[in-house]
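Below you'll find the structure, written out as structure tokens, and then a few comments.
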Amino acid sequence: MDEQKPESQMSEMSQTPRRGVARHIPLLVILAVAAVGFFALGDYLTFETLRDNRESLLAWRDSNYWTMALAFVAIYIVIVAFSLPGAAVASMTGGFLFGLFAGTVFNVVAATIGASAIFLAARWGLGESLTAKLESSEGTVKKLKDGLRENEISVLFLLRLVPVVPFFVANLVPALVGVKFRNFLITTALGIIPGGIVYTWIGVGLGGVFDRGETPDVSLLWEPFVIGPILGLCVLAALPILIKSLRGQRGN
Numbered sequence: 075m076d077e078q079k080p081e082s083q084m085s086e087m088s089q090t091p092r093r094g095v096a097r098h099i100p101l102l103v104i105l106a107v108a109a110v111g112f113f114a115l116g117d118y119l120t121f122e123t124l125r126d127n128r129e130s131l132l133a134w135r136d137s138n139y140w141t142m143a144l145a146f147v148a149i150y151i152v153i154v155a156f157s158l159p160g161a162a163v164a165s166m167t168g169g170f171l172f173g174l175f176a177g178t179v180f181n182v183v184a185a186t187i188g189a190s191a192i193f194l195a196a197r198w199g200l201g202e203s204l205t206a207k208l209e210s211s212e213g214t215v216k217k218l219k220d221g222l223r224e225n226e227i228s229v230l231f232l233l234r235l236v237p238v239v240p241f242f243v244a245n246l247v248p249a250l251v252g253v254k255f256r257n258f259l260i261t262t263a264l265g266i267i268p269g270g271i272v273y274t275w276i277g278v279g280l281g282g283v284f285d286r287g288e289t290p291d292v293s294l295l296w297e298p299f300v301i302g303p304i305l306g307l308c309v310l311a312a313l314p315i316l317i318k319s320l321r322g323q324r325g326n
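Going by this note's numbering, the first residue of the sequence shown is number 75, and it counts up by one from there.
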């Protein structure tokens with residue numbers, strides 16, 4: 075007769091699959107809400123909505139500044155965490171409601187918290203298994219993994235600074251390849267400041283734009299006096315990678 079397995083061992087075996095499924099729930103929720111929000115909220119998180127409600131928003135801000143600030147940060151966190159449409163509108167709204175300095179602070183804080191939520195959800199889910207596979211990999215994958223680990227800060231800064239990298243991608247990919255959360259948090263908070271200032275700056279002038287019946291011009295981001303310094307920061311972020319590469323070639 076086969077010996078019966080200890081009750082504790084059987085319980086552990088039965089709970090393991092549940093934990094395996096449960097760890098994917100946060101990321102699945104984010105993806106589901108993002109999909110629903112893309113179709114359901116696209117017509118609401120717009121400049122037209124802000125224009126039509128600006129008087130009531132400004133009046134509420136004047137009478138309940140910190141309540142408005144906390145509500146704005148909370149809404150912005152949800153937009154970023156669930157990758158909902160309207161992040162650019164939210165950034166400009168921060169400048170419109172709170173001015174350049176406070177608006178930039180609120181925008182950066184909210185975007186950093188929202189990005190961290192995506193990172194942790196992905197890390198607890200797919201990130202754990204994918205990171206384990208990368209750790210045991212060999213050959214080209216191992217070289218790429220080691221190169222990322224050696225230049226983690228520089229690569230993360232580049233993901234934030236290069237304007238063509240989607241924000242959601244810069245949040246998700248680092249979690250899946252196993253970068254340190256501390257490095258992700260620091261580079262996100264600092265790396266989004268230049269773009270955050272630009273969008274907030276545009277938002278500061280939204281009142282005049284609405285009065286003229288125009289649409290905000292986000293092409294300002296690509297003006298030489300704006301994109302030039304951002305590209306300069308990209309070069310500085312990439313410099314350590316280049317120096318290490320040159321030293322490695324000389325050493326061979």
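Virtual Cβ for every residue (Gly too), placed ideally from N, Cα, C.
Since this is a predicted model, take the numbers as computed values, not measurements.
Excluding the 5 residues preceding and the 5 following Phe170 in the sequence, name in chain order all residues of the same chain whose CB lies nearer than 6 Å to its CB. If we look at Phe170 and ignore the five residues flanking it on each side, its Cβ neighbours are Gly277, Leu280.
Closest to Leu158 by C-alpha separation, out of Val253, Ile271, Leu230, Pro240, would be which residue? Here the closest residue by C-alpha is Pro240.
Report the residue from Phe156, Trp198, Glu129 whose alpha carbon sits nearest the alpha carbon of Ala184. Selected option, being the one with the closest Cα: Phe156.
Rounded C-alpha distance that separates Ala133 from Tyr273: Roughly 23 Å separates the two Cα atoms.
Of the listed residues Arg197, Gly188, Ala164, nearest to Thr178 (C-alpha basis): The option with the nearest alpha carbon to Thr178 is Ala164.
Whether Ile266 touches Arg234 by CB criterion (7 Å): The answer is yes: Cβ separation under 7 Å.
Under three-state DSSP, which class holds Thr120? In this structure, Thr120 counts as coil in the three-state DSSP scheme.
Helix, strand or coil at Gly158 according to DSSP, with G and I counted as helix: Note that residue 158 corresponds to Leu in the displayed sequence, not to Gly. Leu158 falls in the coil class under three-state DSSP.
Can you tell which of Leu250, Asp285, Pro268 has its C-alpha closest to the C-alpha of Leu174? Minimum Cα distance to Leu174 is reached at Pro268.
If you count every other CB in all the chains shown that lies within 10 Å of the CB of Phe172, and 16 or more means buried, which is it? A buried status is given to Phe172, since no fewer than 16 other beta-carbon atoms sit within 10 Å of its beta-carbon.
Between the C-alpha atoms of Glu86 and Ala195, what's the straight-line distance to the nearest angstrom? With a pLDDT of only 43 at Glu86, under the threshold of 50, the placement of this residue in the model should not be trusted; the figure read from the coordinates follows. The C-alpha of Ala195 is placed about 24 Å away from the C-alpha of Glu86.
State the start and end residues of the unbroken alpha helix (DSSP H) segment that holds Ile266. Counting along the chain, Ile266 falls outside any alpha helix (DSSP H), and DSSP gives it neither H nor E.
The alpha helix (DSSP H) spanning Glu129 covers which residue range? Its alpha helix (DSSP H) spans residues 128-137.
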